[in-house]
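Each remark here refers to the structure printed beneath this line.
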Amino acid sequence: MAGARQDVVAWFDDHARDLPWRAADRTPWGVLVSEVMLQQTPVVRVEPAWRAWMGRWPTPADLATAPTADVLRAWDRLGYPRRALRLQECARVVVERHGGDLPDDEAALLALPGVGTYTAAAVRAFAFGRRSVVLDTNVRRVLARLSAGEALPAPSQTVAERRLAAAWVPDDDTAAARWSGASMELGALVCTARAPRCDVCPVADRCRWLAAGRPADVYAHRRRAQAWTGTDRQARGRVMALLREALGPVPHDAVAAVWPDSAQLARCLDALVADGLVVREDAAGADPDPDAATYRLPH
DNA sequence: AATTCGGGGTG
DNA sequence: CACCCAGAATT
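Each residue of the first sequence is one higher than the last, beginning at 1 in the UniProt record's numbering.
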């Protein structure tokens, strides 16, 4: 295990991507922003967005006081815009509770909006150089193949899997942080989900999955393809795209034009308002007509 | 443990 | 066209 770790870290020293949130002048807050943006959004799409975002709001204090509409527009099409909302809430909590500086202990990080098990561990490792168990989709896949001999990890994490991952993390803070970055990078660049490049893998000769002849995914039948066309998520996305482009409040008729199913649209609008992503303003009058309402991003 | 929540690139 | 992407929050 220690030998495989050394090989992966040595490979990382030569092949790590030159990502801006890894630069020497990085800040803990910049690392956290990258991690939140990277929650289910690929690196190639995050990188330009992160550069623009950090140029505009370099510190938690900057983001905390920004107009939410600007924040949602800057988030653009990274997806799951509630993440942008939580990131701004996170900035406000950091300012109010931690004096504007990101905390480095696990519990305080986990208490921040939008920060879960993975993100807290990643920030501890990559922003503060502390030991933590960073178990994302990349590390899960690397360990599933290398250690368990399976094509892909189970749909959900298990206690045994976390225990295994923890056993792979060195005791030393610096070594642990390097292993976390290296194992993630190996999963992202070599040990990929679709077409793994076992020919250039630094631990191919130690991989149980490769040794077994790269058997098929045993969990394939339990994975559900994400439906998209006609879903609430697509409808919500249409509405958010419209409101991001709009200069002022958008009349109900214009919103209705982006989605054919009026009942579904009404349900999604209610949900967007409840989520704090959209503000509905009813027309003046004692008996407000729903069709006379306007919609906009929150200020 | 299962659902919900965007959007786009790729084999 | 199915699948995947540095997950989190809610139920």
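Yeah, the Cβ is synthetic: ideal placement off N, Cα and C, and Gly gets one too.
* Residue environment, Val94, which counts as buried when at least 16 other CB atoms sit within 10 Å -> Looking up residue 94 in the first sequence gives position 94. With 16 or more other Cβ atoms within 10 Å, it is buried.
* Asked: Would you report the Cα separation of Arg222 and Pro155, rounded to the nearest angstrom?
  -> Mapped onto the first sequence, residue 222 falls at position 222. Mapped onto the first sequence, residue 155 falls at position 155. Between Arg222 and Pro155, the C-alpha separation is close to 7 Å.
* **Contacts around Val142, its chain only, beta-carbon distance under 6 Å, and the 5 residues preceding and following it disregarded** => What you label residue 142 is simply residue 142 of the first sequence in a count that begins at 1. Answer for Val142: Ser183, Leu186, Gly187, Cys191, listed in chain order.
* If you draw a straight line from the C-alpha of Leu110 to the C-alpha of Pro249, how long is it? -> Sequence index remark: in the first sequence, residue 110 carries index 110 (1-based). Sequence index remark: in the first sequence, residue 249 carries index 249 (1-based). Each residue's Cα considered, the two are about 36 Å apart.
* Assuming Ala177 contacts Arg140 (C-beta within less than 8 Å), just tell me the rounded distance between them. => Within the first sequence, the letter at position 177 stands for residue 177. Within the first sequence, the letter at position 140 stands for residue 140. Contact flag wrong, Cβ pair sits at about 18 Å.
* To do: Say whether the stretch 256 to 275 touches the stretch 222 to 239, bearing in mind that this needs 3 or more beta-carbon pairs closer than 8 Å, one atom from each stretch.
  => Touching, yes, given that three or more Cβ pairs across the two stretches are closer than 8 Å.
* Cut-off 7 Å between Cβ atoms - residues of its own chain near residue 353, not counting five sequence neighbours on either side -> As shown, the chain starts at 1 and ends at 299. That puts residue 353 outside it, with no answer to give.
* Would you call the CB atoms of Leu247 and Val278 closer than 8 Å? -> On the first sequence, position 247 is the one that residue 247 refers to. On the first sequence, position 278 is the one that residue 278 refers to. No, these two residues do not count as a Cβ contact at 8 Å.
* To do: Could you pull the start and end residues of the beta strand (DSSP E) that Arg280 belongs to?
  => Numbered from 1 along the first sequence, position 280 holds the residue referred to as residue 280. Here the beta strand (DSSP E) through Arg280 covers 279 to 281.
* Local Cβ density within 10 Å of Pro153, reported as buried at 16 or more and exposed below that -> The residue labelled residue 153 in the question sits at position 153 within the first sequence. Pro153 sits buried, since 16 or more C-beta atoms from the chains shown fall within 10 Å of its C-beta.
* With distances taken between CB atoms, is the gap from Gln88 to Val115 smaller than 8 Å? -> Taking the first residue of the first sequence as 1, we reach residue 88 at position 88. Taking the first residue of the first sequence as 1, we reach residue 115 at position 115. Cβ distance not < 8 Å, so Gln88 and Val115 don't count as in contact.
* Buried or exposed: Met1, going by 16 or more other Cβ atoms within 10 Å of its Cβ? -> By one-based count along the first sequence, residue 1 stands at place 1. By the neighbour-count rule (16 or more Cβ atoms within 10 Å), Met1 is not buried but exposed.
* Use the C-beta contact count for Ala52: other C-beta atoms within 10 angstroms, 16 or more gives buried, fewer gives exposed. => For the purposes of this step, residue 52 is taken as residue 52 along the first sequence, with counting starting at 1. Around the beta carbon of Ala52, fewer than 16 other beta carbons sit within 10 angstroms, so the residue counts as exposed.
* Just reading off the beta strand (DSSP E) that Arg141 is part of, what are its end residues? -> Your numbering for residue 141 matches position 141 in the first sequence. Not the beta strand (DSSP E): Arg141 falls in the alpha helix (DSSP H), residues 137 to 143.
* **Whole-angstrom distance between Gly276 and Val46, CA atom to CA atom** => As a first step, residue 46 is located in the first sequence; it is residue number 46 there, counting from the start. As a first step, residue 276 is located in the first sequence; it is residue number 276 there, counting from the start. Their backbone Cα atoms lie some 23 Å apart in a straight line.
* **Supposed contact pair Ala256 and Ser265 - C-beta distance, whole angstroms, cut 8 Å** => Here the question's residue 265 lines up with position 265 in the first sequence. Here the question's residue 256 lines up with position 256 in the first sequence. This sequence places Leu at residue 265; Ser is not what is there. Yes, they are in contact, since the Cβ atoms of Leu265 and Ala256 sit about 6 Å apart, within 8 Å.
* In the DSSP assignment, what are the bridge partners of Pro81? -> Stepping through the first sequence from its first residue, residue 81 is reached at position 81. In the DSSP output, where bridge partners are listed per residue, Pro81 has none listed.
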